[in-house]
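Structure first, commentary second.
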Amino acid sequence: MRRWSPYCGTAGLVLLLLGFLGLGMAPMYKGFYVIPWTLATVSLAVYAAFNPDRIKGFLASRGARYGAGSAAGVILVLGILIFTAVLTNKHNVRYDLTSSRRHSLSDQTLKVLKALAVPVKVTGFFQSGGAMRERGKDLFERYAQTSSNFQYDLVDPDRFPAQAKSAGVTRYDTVVVEASKNSEKITDLSEERVTNAIIRVTRPGKKAIYFLTGHGEKDLSDSGRAGFSAAKTALTDQSYEVKTLLLMQSEDVPLDAAVLIVAGPRKEPLPQEFEALDRFLRRGGHVLFLVDPESGPELAAFLKRFNVKVGFDVIVDKMSRLYGADYLMPLVSHYSRHPVTEHFTLASFFPMARSISVDREKVEGVKVTVLASASDKSWGETDLVRLGRGSAEYEEGKDLKGPVPVAVVGTINPAGEAKKATPEKKDTKNKEGKFIVFGDSDFASNAYMNLQGNGDLFLSSVNWLAEEADLLAIRPKDKSNRPLMLSQLQVNMVFWLAVVIMPLGVMTLGLSVILARRKEQ
4 MRRWSPYCGT AGLVLLLLGF LGLGMAPMYK GFYVIPWTLA TVSLAVYAAF NPDRIKGFLA
64 SRGARYGAGS AAGVILVLGI LIFTAVLTNK HNVRYDLTSS RRHSLSDQTL KVLKALAVPV
124 KVTGFFQSGG AMRERGKDLF ERYAQTSSNF QYDLVDPDRF PAQAKSAGVT RYDTVVVEAS
184 KNSEKITDLS EERVTNAIIR VTRPGKKAIY FLTGHGEKDL SDSGRAGFSA AKTALTDQSY
244 EVKTLLLMQS EDVPLDAAVL IVAGPRKEPL PQEFEALDRF LRRGGHVLFL VDPESGPELA
304 AFLKRFNVKV GFDVIVDKMS RLYGADYLMP LVSHYSRHPV TEHFTLASFF PMARSISVDR
364 EKVEGVKVTV LASASDKSWG ETDLVRLGRG SAEYEEGKDL KGPVPVAVVG TINPAGEAKK
424 ATPEKKDTKN KEGKFIVFGD SDFASNAYMN LQGNGDLFLS SVNWLAEEAD LLAIRPKDKS
484 NRPLMLSQLQ VNMVFWLAVV IMPLGVMTLG LSVILARRKE Q
């Protein structure tokens, strides 16, 4: 047995390593590492029993002492790494150092997650090892770190077909968002779609957004450049129910209207329609007016009731040429401090806009402030004939000097009705009316909806009017790659520095060290 004991020692070390290999490959099967470790213990015990002198001699050798020191160092480093891993797992902090904040959630998503009152479960059906699985995991992890009410799971539909069938999933890379008894499926993974799905499944009901029709307003079903199909889709994605309203066939605006949008009418509404709009606003309704240049004077006279001055002009902005736009597409970058434009830093472009300002004649119970203005280089041109010939210039005392206001926001609190209302009816009769007036409707059309901050400004206005405070933020954006473009000279410099000079320097340094040691010997 003594003669075979060295083989037992070697076999014990091999079995010990096989046990660690089995633990790493299949930790769920204990036999893969328990059996090798048991046999390794018996083999090493046999070796130690028949070779005590060798073991004592090895432990007393210089190599053993150095090896023990190295092992202690390795154990210390492993301990530090394990401690750091445990600490970071419990206290995880992420820093996004990219200029475009591509690895951070948008303000709107953060507001939605912080306002979650019910648990939300997201299940991503991705193939194992696929790129979409890693992308989804990274995105969902950011959501989970923001809200404890957000949970996610990643499922491979090939390994768990029954779970995919029960969720109604028939294609790869489908995401199912669930809250309470509501569920939503996403087939195009992005932060915007996930956030909008969370909004839809967590809201108890849908608020109705009405678009006025019958006067040549923007068409919600038109997918062309001038249509409003993109605006309709954006509102639907935020869990609104979009409807149309032919007011000339109704006595009043429907009671379920959270917001009424008047989007660029080409013809004047009838007098009874103006009176219906007036009643709607004074009973606490909310209206978004998008008034194009050269539209009729009756709408301007109606808005004058609420301390709004609609200019009969067209805004000219020389700053727009710096961005490759036309002089008649003013750049809007001046925003007032208001919930609609809170933390709003995106510029907006208004193709062919008119000035909208606060009227000097005050109206009792109405408070109006400027919401957005064009640049300092803009002015409101009143000579439209001269403008059509392309020779317009600013004229002091005749044209409106910049920065020209292009949007106003106002509230209505009828003082007369407040005095008549009883305490029981005060909340219903004196609800504050709200309105926003823009001097252009094309900025929210299909052609310009996704241009810079246009879509965000439109949606923020609707959300404020609909009293959806958690949606007043910049919408999530698709993160596009920003490749580093190098000139040929820069490419050559990188090649010579990384491929030739640096390796040659290392080789030279190594040879000099070798030669120096040979001289010493």
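Residue numbers (this note's numbering): 4 to 524.
Just so you know, even glycine gets a beta-carbon here, dropped at the ideal spot from N, CA and C.
Below 8 Å between beta carbons: does that hold for residue i and residue j?
i	j	result
residue 462	residue 241	yes
residue 441	residue 294	yes
residue 132	residue 178	no
residue 330	residue 263	no
residue 317	residue 372	no
residue 314	residue 370	no
residue 279	residue 256	yes
residue 48	residue 18	no
residue 268	residue 298	yes
residue 291	residue 464	yes
residue 143	residue 135	no
residue 112	residue 198	yes
residue 12	residue 50	yes
residue 328	residue 289	no
residue 187	residue 209	no
residue 115	residue 189	no
residue 155	residue 125	yes
residue 284	residue 438	yes
residue 157	residue 139	yes
residue 434	residue 286	yes
When DSSP labels each residue in this structure, what does residue i get in the three-state scheme?
i	result
residue 421	At residue 421, the pLDDT of 46 sits below 50, so the modelled position is not reliable; the number obtained from the coordinates is stated separately. Note: residue 421 maps to helix in three-state DSSP.
residue 426	Here the model assigns residue 426 a pLDDT of 45, short of 50, so the residue's position is not dependable, and the following value carries that caveat. Correct three-state label for residue 426: coil.
residue 248	strand
residue 177	strand
residue 1	Limits of the chain in this structure are 4 at one end and 524 at the other, which puts residue 1 out of reach.
residue 35	helix
residue 383	strand
residue 72	helix
residue 156	strand
residue 88	helix
residue 366	coil
residue 463	helix
residue 448	coil
residue 41	helix
residue 216	coil
residue 126	strand
residue 50	helix
residue 121	coil
residue 399	coil
residue 352	strand
residue 234	helix
residue 330	coil
residue 170	coil
residue 266	strand
residue 29	coil
residue 431	For residue 431, the predicted model reports a pLDDT of 44, less than 50, meaning its position is unreliable; a value from the coordinates is still stated below. Residue state, collapsed to three classes: helix.
residue 469	coil
residue 442	coil
residue 111	helix
Could you pull the DSSP bridge partners for residue i from this structure?
i	result
residue 360	312
residue 437	289, 414
residue 408	376
residue 320	381
residue 338	375
residue 10	Beta-bridge pairing links residue 10 to no other residue.
residue 187	180
residue 260	211
residue 243	210
Write down the C-beta distance between residue i and residue j rounded to the nearest angstrom, noting that I regard them as a contact closer than 8 Å.
i	j	result
residue 416	residue 228	Their Cβ separation, rounded to whole angstroms, is 40 Å, which puts residue 416 and residue 228 out of contact at 8 Å.
residue 266	residue 444	5 Å
residue 358	residue 319	11 Å between Cβ atoms; not a contact.
residue 458	residue 237	6 Å
residue 259	residue 307	The pair is not a contact, with the Cβ atoms about 29 Å apart (cut-off 8 Å).
residue 60	residue 39	Actually they do not touch by this definition, with Cβ atoms about 28 Å apart.
residue 75	residue 46	Not confirmed; about 26 Å, so no contact.
residue 346	residue 141	Contact flag wrong, Cβ pair sits at about 25 Å.
Check the Cβ-Cβ distances between residue i and every residue of chain B, and say whether any is below 8 Å.
i	result
residue 353	Chain labels in this structure do not include chain B; a single protein chain is all it has.
Three or more C-beta pairs below 8 Å linking the stretch 447-459 and the stretch 349-358 = yes
message = Across the stretch 329-344 and the stretch 370-390, are there enough close Cβ pairs to call them in contact, namely three or more that are closer than 8 Å?
response = Yes, they touch.
ask   = Are the stretch 191-208 and the stretch 228-236 in contact at 8 Å, needing three or more beta carbon pairs?
value = Taking 8 Å as the limit for Cβ pairs, the verdict is that the stretch 228-236 does not touch the stretch 191-208.
inquiry  = Under 8 Å: do the stretch 183-190 and the stretch 143-157 share three or more Cβ pairs, one atom per stretch?
reply    = Flag = no, the stretch 183-190 and the stretch 143-157 do not touch.
inquiry  = I want to know whether the stretch 158-177 touches the stretch 209-223 - three or more CB-CB distances under 8 Å.
reply    = By the Cβ test, the stretch 158-177 is not in contact with the stretch 209-223, since fewer than three Cβ pairs between them sit closer than 8 Å.
ask   = Is the stretch 271-279 touching the stretch 386-405, taking contact as three or more C-beta pairs under 8 Å?
value = No, the stretch 271-279 does not touch the stretch 386-405.
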